[in-house]
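Each number in our numbering corresponds to the 1-based position in the sequence shown with 2 added. These notes concern the structure reproduced below.
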Amino acid sequence: MTIPFPFTAVVGQDDLRLALLLNAVSPSVGGVLVRGEKGTAKSTAVRALTSLLPEVAVVPGCRFSCDPASPDPGCPDGPHAGGGGGASRPARMVELPVGASEDRLVGALDIERALAEGVKAFEPGLLAAAHRGILYVDEVNLLHDHLVDLLLDAAAMGASYVEREGVSVRHAARFLLVGTMNPEEGELRPQLLDRFGLTVEVSASREPDQRVEVVRRRLAYDDDPAGFAARWADEEAAVRQRIVAARESLPSVRLGDGALRQIAATCAAFEVDGMRADIVMARTATALAAWAGRTDVLAEDVRQAALLALPHRRRRNPFDAPGLDEDKLDETLEESSGDDDPDPDGDGGGPGGGGGQPEPDEGPAGDGADAARPGEGEGEGEPAPGGAGEQSPVRAAEPFRTKALSVPGIGEGVAGRRSRARTEHGRTTGARRPEGALTKLHLAATVRAAAPHQRARGRSGRGLVVRRDDLRQATREGREGNLVLFVVDASGSMAARQRMSAVKGAVLSLLLDAYQRRDKVGLVTFRGSAADVALPPTSSVDAAAARLESLPTGGRTPLAAGLLKAHDVLRVERLRDPARRALVVVVTDGRATGGPEPVTLASRAARLFAAEGVASVVVDCESGPVRLGLAGRLAGELGGTAVTLDELRADSIAGVVKDVQRRAA
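Take a look at the structure:
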């Protein structure tokens, strides 16, 4: 058995530890979403929490962890007699792999026995195992959409439903949802984001002494896990006892009207949607008071609760960094303070006071990961003589809503919302013999396959005699996410301030569309004498937007180099993710002036995409009364189509999509 890293041995990360402890005190807080860069002890801290949780009383033999004091009347293993004796087991943390199947999450029915024998032979899934415990999802932002939908349903109803062709099973599924994610790999759907009670931003410390201590403790743990855990046993026991004490005192904590007014005013000031934020803040503030050993909620509890519960709920644009304006928070709390609040200077201590445990502090400082690299972000404007020419920054025009561009044909890539694809979810389009385990039964096709053999199989009753060879898998069509690779011309001919502002606004709009459709994005830029991969393919459109903001401009137009660089990126990405189809969006005025024979080389490079059937769209940035039509010519050589900046806003872009599909047919 693997010995977990002790929770109390985690260095720093005070906000993370406090958020996890508050959920241990009051599971009704609703879980934690931990956002941060890789290698910041996110998973280590979450796994370490399990050993601190009190044991759970369960009905002996129940696969669904029913509480013996109040068993689930609809439990598939029931009915259980209420009030009987139970067995105790350690609290359980269940990990949901990102690539898990639907059956692994919700459980599976034995379809063959259900059809042939009429019995509900049900094998519980991870939701059943996580009932009354922790459901942990590492890299939760990479979770497939259909699994997210199932999690949302279970979290909202406190139960999991498995329904297959008229056969249904229901069981309780109340769990503490804990997720970790690296924002650089993509954001989380707003619906699931709101289901996390608290959110915490973590980053590695920049203090050398603290980093040294992290390494020292990790090496000591790796050398002797049992001995290292033994050295921290007393601290672990103290925290475990404190959690039990806080749970017992939680019902007696008083949440006064003044604190409630502060909570309501804070949520209103930050324009959060719905009432879940108010409820989560109230529960969090109460848990903070109980953790501190107090019986009254103070203004400092409300403040700390806001810092944990509101950053992911406040209204913001998709490319805005999460966070809370603390000056605005303090001003709101002061304006809404009530006369019936306890003395904020009382001797109850701070929210994290006592026991040597995490004290809430100002939170981890940002590390500037998205800051512009030296020399970037200062180069937009008219090109200087000689073509080098970075001048003052050019801000993007306001993003606008675009119609969807899609890849023609039917793919088999990752579930998303852009192009047609054969998926496990969507509308049923036919049936086939299953390859491996049956996941989606096509009942009518199965009956048709079994019907001609009933006499030969000796059927004598009403039941249908079904064999494995009769089963048919339903084929379904849904939508997939694609790789949208932007190839952006940043040369001198594009560097006019008004034009570059419009170009950035258009690309930002397409990035917003990619964010909503769950695509991967990449960014290739070309200027001067070469092309650069400004952003390798990633699920983080935030990173793409940051690179776009700091895009330097000026110099000649090496169009061929840009296309060849994009072609190389696609070649590498096909090896990494062969099922994901690509859509190349070239943003240029079509000029080619860089390198020897620039026009000829650009034409040859474009024909590589056409030969491989890569879907492409050229966003024509040419302006002025006299137009050369070079972008349209480039689109023809790519085997794609051209659309002007103005047409991105117009309904006519739907015709562009049809034109792309017609050319590929």
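Cβ coordinates follow ideal geometry from the N, Cα and C atoms, glycine included.
| said: What would DSSP say about residue 209, mapped onto helix, strand or coil? | reply: Here residue 209 refers to the residue found at position 207 when the sequence shown is read from its first residue. In this structure, residue 209 counts as coil in the three-state DSSP scheme.
| Cutoff 8 Å; reference residue 434; Cβ partners in own chain excluding five residues on either side | Here residue 434 is taken as the residue at index 432 of the sequence shown, counted from 1. Within the same chain, Cβ atoms closer than 8 Å to the Cβ of residue 434 are found at 474, 475 and 477, the five residues on either side in sequence being excluded.
| Completely contained alpha helix (DSSP H) runs for the region 144 to 199, where each covers 4 or more residues | The region 144 to 199 contains these whole alpha helix (DSSP H) runs: 147 to 159 and 192 to 195.
| For residue 559 and residue 36, the rounded distance between their alpha carbons | Reading the sequence shown from its first residue, position 34 is the one you call residue 36. Reading the sequence shown from its first residue, position 557 is the one you call residue 559. The alpha-carbon atoms of residue 36 and residue 559 are separated by roughly 43 Å.
| message | Between which residues of its own chain and residue 223 is the CB-CB distance below 7 Å, once the five residues before and five after are set aside? | response | For the purposes of this step, residue 223 is taken as residue 221 along the sequence shown, with counting starting at 1. A distance below 7 Å between beta-carbons, with the five flanking residues on each side excluded, links residue 223 to the following residues of its chain, in chain order: 7 and 230.
| said: Taking 7 Å as the limit between beta carbons, can you name the residues of its chain near residue 18, skipping five residues before and five after? | reply: Taking the sequence shown and counting its residues from 1, one reaches residue 18 at position 16. Same-chain partners within the cutoff: 36, 47, 202 and 204.
| message | Only counting the same chain, and skipping five residues up and downstream in sequence, which positions put a Cβ closer than 7 Å to that of residue 51? | response | Numbered from 1 along the sequence shown, position 49 holds the residue referred to as residue 51. The beta carbon of residue 51 sits closer than 7 Å to the beta carbons of 9, 22 and 26 from its chain, once the five residues preceding and following it are set aside; these are given in chain order.
| Can you name the start and end residues of the beta strand (DSSP E) that residue 475 belongs to? | By 1-based counting over the sequence shown, the position of residue 475 is 473. Looking at the DSSP string, the run of the beta strand (DSSP E) that includes residue 475 is 475 to 482.
| query | Okay, do the region 502 to 511 and the region 434 to 447 touch, 3+ Cβ pairs below 8 Å being the bar? | reply | Taking 8 Å as the limit for Cβ pairs, the verdict is that the region 434 to 447 does not touch the region 502 to 511.
| task | With DSSP collapsed to three states, give me the class of residue 343. | result | For the purposes of this step, residue 343 is taken as residue 341 along the sequence shown, with counting starting at 1. Here the model assigns residue 343 a pLDDT of 48, short of 50, so the residue's position is not dependable and the matter cannot be decided.
| message | For residue 543 and residue 513, which I take to be in contact (beta-carbon distance under 8 Å), what is that distance rounded to the nearest angstrom? | response | Here residue 543 refers to the residue found at position 541 when the sequence shown is read from its first residue. Here residue 513 refers to the residue found at position 511 when the sequence shown is read from its first residue. About 5 Å; that satisfies the 8 Å criterion.
| message | From the DSSP secondary-structure annotation, give me the bridge partner or partners of residue 125. | response | On the sequence shown, residue 125 is found 123 positions in, with the first residue counted as 1. Paired residues: 110.
| request: Evaluate residue 402 with the Cβ neighbour count: other Cβ atoms within 10 Å of its Cβ, from every protein chain shown; 16 or more gives buried, anything less gives exposed. | output: As a first step, residue 402 is located in the sequence shown; it is residue number 400 there, counting from the start. Around the beta carbon of residue 402, fewer than 16 other beta carbons lie within 10 angstroms, which makes this residue exposed.
| task | Can you grab the Cα-Cα spacing for the pair residue 578 / residue 525, in whole Å? | result | As a working mapping, residue 578 is identified with position 576 in the sequence shown. As a working mapping, residue 525 is identified with position 523 in the sequence shown. About 17 Å.
| query | Ordered along the chain, which non-local residues of its own chain (more than five positions away) have a Cβ less than 6 Å from that of residue 255? | reply | On the sequence shown, residue 255 is found 253 positions in, with the first residue counted as 1. Excluding sequence neighbours, residue 255 sits near 288, 291, 292 and 297.
| field | Terminal residues of the alpha helix (DSSP H) in which residue 266 lies | value | For this step, residue 266 is matched to residue 264 along the sequence shown. Annotation: the continuous alpha helix (DSSP H) that includes residue 266 extends over 259 to 271.
| Applying the criterion that 16 or more other CB atoms from any shown protein chain within 10 Å of the CB defines a buried residue, is residue 162 buried or exposed? | Along the sequence shown, read from residue 1 onward, the residue named residue 162 stands at position 160. Residue environment for residue 162: buried (at least 16 other C-beta atoms within 10 angstroms of its C-beta).
| query | From residue 496 to residue 308, what does the alpha carbon distance come to, in whole angstroms? | reply | Residue numbering aside, residue 496 sits at position 494 when the sequence shown is read from its first letter. Residue numbering aside, residue 308 sits at position 306 when the sequence shown is read from its first letter. So the alpha carbons of these two residues sit roughly 45 Å apart.
| Between the C-alpha atoms of residue 613 and residue 586, what's the straight-line distance to the nearest angstrom? | Start at 1 with the first residue of the sequence shown, and residue 613 comes out as number 611. Start at 1 with the first residue of the sequence shown, and residue 586 comes out as number 584. In this structure, the alpha-carbon of residue 613 lies about 14 Å from that of residue 586.
| Does the region 598 to 618 come close enough to the region 556 to 571 to have 3 or more Cβ pairs within less than 8 Å? | Short answer: they touch.
| query | Looking at the unbroken alpha helix (DSSP H) that takes in residue 602, where does it start and where does it end? | reply | Here residue 602 corresponds to residue number 600 of the sequence shown, with the count starting at 1. It spans 600 to 614 - the alpha helix (DSSP H) in which residue 602 sits, taken as one unbroken run.
| query | Per DSSP, what kind of secondary structure is residue 553 in: helix, strand or coil? | reply | The count along the sequence shown starts at 1 and reaches residue 553 at position 551. Three-state DSSP puts residue 553 in coil, outside helix and strand.
| request: For residue 373, name the three-state secondary structure that DSSP assigns. | output: Indexing the sequence shown from 1 puts residue 373 at position 371. Reliability fails at residue 373, whose pLDDT of 37 lies under 50, so the model's placement of it is uncertain and the value that follows must be treated cautiously. The answer is coil: DSSP assigns residue 373 none of H, G, I, E or B.
| How many Å lie between residue 389 and residue 552 at the Cα? | Stepping through the sequence shown from its first residue, residue 389 is reached at position 387. Stepping through the sequence shown from its first residue, residue 552 is reached at position 550. Since pLDDT at residue 389 reaches only 41, below the 50 mark, its modelled position is unreliable, and the value read off the structure follows with that caveat. Looking at the two C-alpha atoms, the distance is approximately 18 Å.
| query | Name the DSSP beta bridge partners of residue 432, please? | reply | For the purposes of this step, residue 432 is taken as the residue at position 430 of the sequence shown. In DSSP, residue 432 forms a bridge with 477.
| said: Just to confirm the assignment: which complete alpha helix (DSSP H) runs, minimum length 4, are found wholly within the region 497 to 537? | reply: Counting whole runs of 4 or more residues, the region 497 to 537 contains the alpha helix (DSSP H) stretches 499 to 518.
| Cβ atoms of residue 482 and residue 583: under 9 Å apart, would you say? | Walking along the sequence shown from the start, residue 583 turns up at place 581. Walking along the sequence shown from the start, residue 482 turns up at place 480. Contact: yes.
| request: Tell me whether residue 385 sits in a helix, a strand or coil according to DSSP, three-state version. | output: Indexing the sequence shown from 1 puts residue 385 at position 383. Below a pLDDT of 50, predicted positions are generally treated as unreliable, and residue 385, at 40, falls in that range; the measurement from the model is reported next regardless. In the three-state scheme derived from DSSP, where H, G and I count as helix and E and B as strand, residue 385 is classed as coil.
| query | Would the region 101 to 108 and the region 121 to 134 be scored as touching if the rule is three or more Cβ pairs under 8 Å? | reply | Yes, they touch.
| message | By DSSP's criteria, residue 136 is part of a beta bridge. Which residues make up the other side? | response | Translated into positions along the sequence shown, residue 136 becomes position 134. According to DSSP, residue 136 bridges with 95 and 178.
| said: Using C-beta distances below 8 Å, list every residue in its chain close to residue 285, excluding the 5 sequence neighbours before and after it, in chain order. | reply: Here residue 285 is taken as the residue at index 283 of the sequence shown, counted from 1. Excluding residues within five positions, the ones whose Cβ falls inside 8 Å are 28, 30, 31, 32 and 199.
| query | Can the beta-carbon of residue 421 be found closer than 9 Å to that of residue 432? | reply | Working through the sequence shown from its first residue, we reach residue 421 at position 419. Working through the sequence shown from its first residue, we reach residue 432 at position 430. No; because the gap between Cβ atoms is not below 9 Å, this pair is not in contact.
| In the structure shown, what three-state DSSP assignment does residue 30 receive? | Residue mapping note: residue 30 aligns to position 28 of the sequence shown, counting from 1. In the structure shown, residue 30 sits in a helix (DSSP, three-state: H, G or I).
| query | In chain order, what residues of the same chain lie with their CB nearer than 8 Å to the CB of residue 511, ignoring the 5 residues before and after it? | reply | The residue given as residue 511 occupies position 509 in the sequence shown. When the five nearest sequence neighbours on each side are left out, the beta carbons in the same chain lying within less than 8 Å of the beta carbon of residue 511 are those of 401, 402, 403, 404 and 650, in order along the chain.
| Quick one: any contact between the region 637 to 645 and the region 606 to 626, if contact means 3 or more CB pairs under 8 Å? | Taking a cut-off of 8 Å for Cβ pairs, the region 637 to 645 and the region 606 to 626 touch, as three or more such pairs fall below it.
| request: Please determine, among 44, 45, 80 and 630, the residue with the shortest C-alpha to C-alpha distance to residue 61. | output: Along the sequence shown, one-based indexing puts residue 61 at 59. The residue with the shortest Cα to Cα distance from residue 61 is 80.
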